[in-house]
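First the structure, in the form of structure tokens, and then the observations on it.
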Amino acid sequence: MADSQGGVKHLYTKDMKETSLELQRNIDDFQDAVEKVSKATTKLLSTWAGKSRDRFETQYNLLFGQLKDFEGALYDIYDALVDSETAYIDADEALKKEFNIANK
């Protein structure tokens, strides 16, 4: 939760960790689904000939490229979340050290 100046009032890093793990599982599921579609399409294309096959393959290749781009975007989100968690923990540890030094 943030206050009106954008400062953090309270943040559970445990929630960040759980979210990043869930996101990683979802990315894995997405990759599995894309791989299954790829295998099925490869099998289909190996037994299909003609102009309609060529048109289908062209459209499939465009879509497959978009799926790979989307996968990359998911990893960008995952990396940003993990980096944010690490930065927050590092800042929290630095603040603890400052408090400990100030209270000695």
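With my numbering as the guide, the letters of the sequence shown map in order to residues 1371 to 1474. We put the beta carbon where it would ideally sit given N, CA and C, even for glycine.
The Cβ atoms of Tyr1448 and Leu1381 do not sit closer than 8 angstroms to each other. Contact between Tyr1458 and Ile1397 is absent: CB atoms are separated by about 22 angstroms, not below the 8 angstroms threshold. Comparing C-alpha distances from Gln1401 to each of Ala1472, Asp1460 and Gly1442 shows the shortest one belongs to Gly1442. Segment contact: the region 1404 to 1418 against the region 1426 to 1441, three or more CB-CB distances shorter than 8 angstroms; contact assigned. Annotation for Asn1470: the continuous alpha helix (DSSP H) segment containing it runs Lys1421 to Ala1472. The three-state secondary structure of Leu1381, taken from DSSP, is coil. Pairing Glu1468 with Met1386 gives a Cβ-Cβ distance that is not under 8 angstroms. Taking C-alpha positions only, Leu1391 is separated from Lys1421 by approximately 44 angstroms.
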